[in-house]
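Undergrad: First the structure, which I've put down as structure tokens, then a few questions once you've had a look.
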Amino acid sequence: MSSIDVVIVDDEPAGRRSLRECCAAEPDLDVAGEYGDPTLALAAIRAKPPQLLFLDIQMSSMSGIELARALDPATLPLIVFVTAYDHYALEAFEVSAIDYLLKPFDDERFARTMERVRQRHAAGNQVDRAAALDTLMAALDKVTGRAPEQKLRLLAATQGRQILLDPSQVQLVEADRNYVRLRVGTETLQARATLQQIEEALQAQPILRVSRSCIVNTAYVREINRTLRGDFILVMACGVTVTSSEGFRERVRTYLDRLRI
Numbered sequence: 024m025s026s027i028d029v030v031i032v033d034d035e036p037a038g039r040r041s042l043r044e045c046c047a048a049e050p051d052l053d054v055a056g057e058y059g060d061p062t063l064a065l066a067a068i069r070a071k072p073p074q075l076l077f078l079d080i081q082m083s084s085m086s087g088i089e090l091a092r093a094l095d096p097a098t099l100p101l102i103v104f105v106t107a108y109d110h111y112a113l114e115a116f117e118v119s120a121i122d123y124l125l126k127p128f129d130d131e132r133f134a135r136t137m138e139r140v141r142q143r144h145a146a147g148n149q150v151d152r153a154a155a156l157d158t159l160m161a162a163l164d165k166v167t168g169r170a171p172e173q174k175l176r177l178l179a180a181t182q183g184r185q186i187l188l189d190p191s192q193v194q195l196v197e198a199d200r201n202y203v204r205l206r207v208g209t210e211t212l213q214a215r216a217t218l219q220q221i222e223e224a225l226q227a228q229p230i231l232r233v234s235r236s237c238i239v240n241t242a243y244v245r246e247i248n249r250t251l252r253g254d255f256i257l258v259m260a261c262g263v264t265v266t267s268s269e270g271f272r273e274r275v276r277t278y279l280d281r282l283r284i
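Residue numbers for the sequence shown follow our numbering, so the first one is 24 and each next one is one higher.
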């Protein structure tokens, strides 16, 4: 029996412990990581997507729904939402192909969920997973009476063109007088904004400020080195290298230490 890589995200230690113990009782589940901070979890999942994600919905800094929306559909894991929603909101989960665990759950309920997870894991259809997530989001909006969320876009310019960007595409941002330069893939775009304004616009992303003039999206950090005096050298997916400043050295070190597994 092949193993299934699992990541657990819940901001309550008791919730993570309960899921970890249930996973430990299943011989084909391999817990690759667990996170109490949704922002750190998002960075880790983007860097190395698991096959199965147990995701708490009610978290303080970022909800499980927001985290799920921020994941790449091309590498979307199987998701089991862990929720304390009432039975009316649970109708939303029933109409989608996404599983849920209602707190508090027992071993029997976990086992039933894992039966469905294994079936869907064997099917391995990424498109169906993304469609199921979209169905769930729409059903939740309908059940809870909320209007669908408008996805944030950033307006940037390059060579006379105005481009609307998904914030998750931005790899790094650098201040340039009254403008900022945004690195998106191999392109460098420009926006008339302050670094603080861009930082606020990117707050749902796993961003890290490495100097007074530079912010990186840690989901795109591919390699980390150190200078002789201890500053951090971050190699981005686009090939650009940025170095942390002395004043931000401790902040970067603390952030990276929390990513270690």
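Don't be surprised by glycine CBs; every beta carbon is placed ideally from N, CA and C.
Bear in mind the structure is a predicted one, so any value in this text is a computation, not a measurement.
#1: Within the same chain, show all residues whose beta-carbon is closer than 8 angstroms to that of D60, passing over the 5 residues directly before and after it, in chain order.
#2: With respect to 8 angstroms, is the separation between the Cβ of T266 and the closest non-hydrogen atom of the ligand SAM below this value?
#3: Excluding the five sequence neighbours on either side, which residues of its own chain have a C-beta within less than 8 angstroms of the C-beta of V103, listed in chain order?
#4: DSSP beta-bridge partners for V244?
#5: For D199, name the three-state secondary structure that DSSP assigns.
#6: Run the CB neighbour count on A179, radius 10 Å, all protein chains shown included, and call it buried at 16 or more, exposed below.
#7: Kindly indicate the opening and closing residues of the beta strand (DSSP E) around I230.
#8: Checking the sheet assignment: what are the DSSP bridge partners for Y278?
#9: Within this structure, are the beta carbons of V193 and Q228 separated by less than 9 angstroms?
#10: Under the three-state reduction of DSSP, which class applies to I11: helix, strand or coil?
#11: Hey, out of A134, A107, C46, E138, whose CA is closest to P127's CA?
#12: For the beta strand (DSSP E) that contains A66, what are its first and last residues?
#13: May I ask you to list the residues that DSSP assigns as paired with T266?
#14: Can you look up L159 in the DSSP assignment and give me helix, strand or coil?
#15: Nearest CA to the CA of G253: which residue from T241, G262, R245, T266?
#16: Contact check, E197 vs C237 under 8 angstroms by CB: the rounded distance?
#17: Hey, how far is the Cα of L22 from the Cα of V32?
#18: Can you tell me which of the three DSSP states R283 falls into?
#19: What residue does the beta strand (DSSP E) around T136 start on, and which one ends it?
#20: I need the DSSP call for I288, collapsed to helix, strand or coil.
#21: Can you grab the Cα-Cα spacing for the pair M160 / I221, in whole Å?
#22: Using the rule of at least 16 other Cβ atoms within 10 Å of the residue's Cβ for burial, across every protein chain shown, is N240 buried or exposed?
#23: Let's test the definition: count the other Cβ atoms within 10 Å of the Cβ of L94 and tell me whether it reaches 16, buried, or not, exposed.
#24: May I have the straight-line CA-CA distance separating G183 from Q213, to the nearest angstrom?
#25: Whole angstroms are fine: how far does the CA of G87 sit from the CA of R274?
#26: Anyone know if the C-beta pair for L195 and L177 falls short of 9 angstroms?
TA: Put simply:
#1: Within the sequence shown, numbered from 1, the residue matching residue 60 stands at position 37. Beyond the five residues adjoining it in sequence on each side, D60 comes within less than 8 angstroms, by CB distance, of D34, S84, R281 in the same chain, given in chain order.
#2: Looking for the ligand SAM in the displayed structure turns up nothing, as the structure carries no ligands at all.
#3: Along the sequence shown, read from residue 1 onward, the residue named residue 103 stands at position 80. If the five residues before and after V103 are omitted, its C-beta is found closer than 8 angstroms to the C-beta atoms of L75, L76, F77, L78, I121, D122, Y123, L124, T136, V140, all from its own chain and listed in chain order.
#4: As a first step, residue 244 is located in the sequence shown; it is residue number 221 there, counting from the start. When beta bridges are read from the DSSP output, V244 appears opposite M259.
#5: The sequence position of residue 199 within the sequence shown is 176, counting from 1. Secondary structure of D199 (DSSP, three-state): strand.
#6: Taking the first residue of the sequence shown as 1, we reach residue 179 at position 156. Looking at its Cβ environment, which holds 16 or more other Cβ atoms inside 10 Å, A179 is buried.
#7: Numbered from 1 along the sequence shown, position 207 holds the residue referred to as residue 230. Counting along the chain, the beta strand (DSSP E) containing I230 begins and ends at 230 to 234.
#8: Indexing the sequence shown from 1 puts residue 278 at position 255. When DSSP reads this structure, Y278 sits in no beta bridge, so it has no partner.
#9: As a working mapping, residue 193 is identified with position 170 in the sequence shown. As a working mapping, residue 228 is identified with position 205 in the sequence shown. Less than 9 angstroms divides the Cβ of V193 from the Cβ of Q228.
#10: Residue 11 lies beyond the stretch modelled for the chain, which goes from 24 to 284, so this question has no answer here.
#11: Within the sequence shown, residue 127 is the residue found at index 104, counting from 1. Ranking A134, A107, C46, E138 by Cα distance to P127 puts A107 first.
#12: As a position in the sequence shown, residue 66 is number 43, starting the count at 1. First-last for A66: 61 to 70, but that is the alpha helix (DSSP H), not the beta strand (DSSP E).
#13: Stepping through the sequence shown from its first residue, residue 266 is reached at position 243. Paired residue(s): I256.
#14: Taking the sequence shown and counting its residues from 1, one reaches residue 159 at position 136. DSSP places L159 in helix when its eight states are reduced to three.
#15: As a first step, residue 253 must be located in the sequence shown, where it is residue number 230. Ranked by Cα distance from G253, the first of T241, G262, R245, T266 is T266.
#16: For the purposes of this step, residue 197 is taken as the residue at position 174 of the sequence shown. For the purposes of this step, residue 237 is taken as the residue at position 214 of the sequence shown. Yes, E197 and C237 are in contact; Cβ-Cβ is about 5 angstroms, under 8 angstroms.
#17: With the chain running from 24 to 284 in the structure shown, residue 22 is simply not present.
#18: Position 260 of the sequence shown, counted from the first residue, corresponds to residue 283. R283 carries a coil assignment under DSSP once its states are collapsed to helix, strand and coil.
#19: Mapped onto the sequence shown, residue 136 falls at position 113. No beta strand (DSSP E) contains T136, which is instead part of the alpha helix (DSSP H) from 130 to 146.
#20: Outside the modelled stretch of the chain, which goes from 24 to 284, sits residue 288, for which no answer is possible.
#21: Here residue 160 corresponds to residue number 137 of the sequence shown, with the count starting at 1. Here residue 221 corresponds to residue number 198 of the sequence shown, with the count starting at 1. Taking the Cα positions, M160 is about 27 angstroms away from I221.
#22: The sequence position of residue 240 within the sequence shown is 217, counting from 1. So N240 counts as buried.
#23: Position 71 of the sequence shown, counted from the first residue, corresponds to residue 94. It is buried - the Cβ of L94 has at least 16 other Cβ atoms within 10 Å.
#24: Within the sequence shown, numbered from 1, the residue matching residue 183 stands at position 160. Within the sequence shown, numbered from 1, the residue matching residue 213 stands at position 190. Answer to the nearest angstrom: the Cα atoms are 10 angstroms apart.
#25: Stepping through the sequence shown from its first residue, residue 274 is reached at position 251. Stepping through the sequence shown from its first residue, residue 87 is reached at position 64. Cα to Cα, the separation comes out at about 26 angstroms.
#26: The residue given as residue 195 occupies position 172 in the sequence shown. The residue given as residue 177 occupies position 154 in the sequence shown. Not a contact, by the Cβ cut-off of 9 angstroms.
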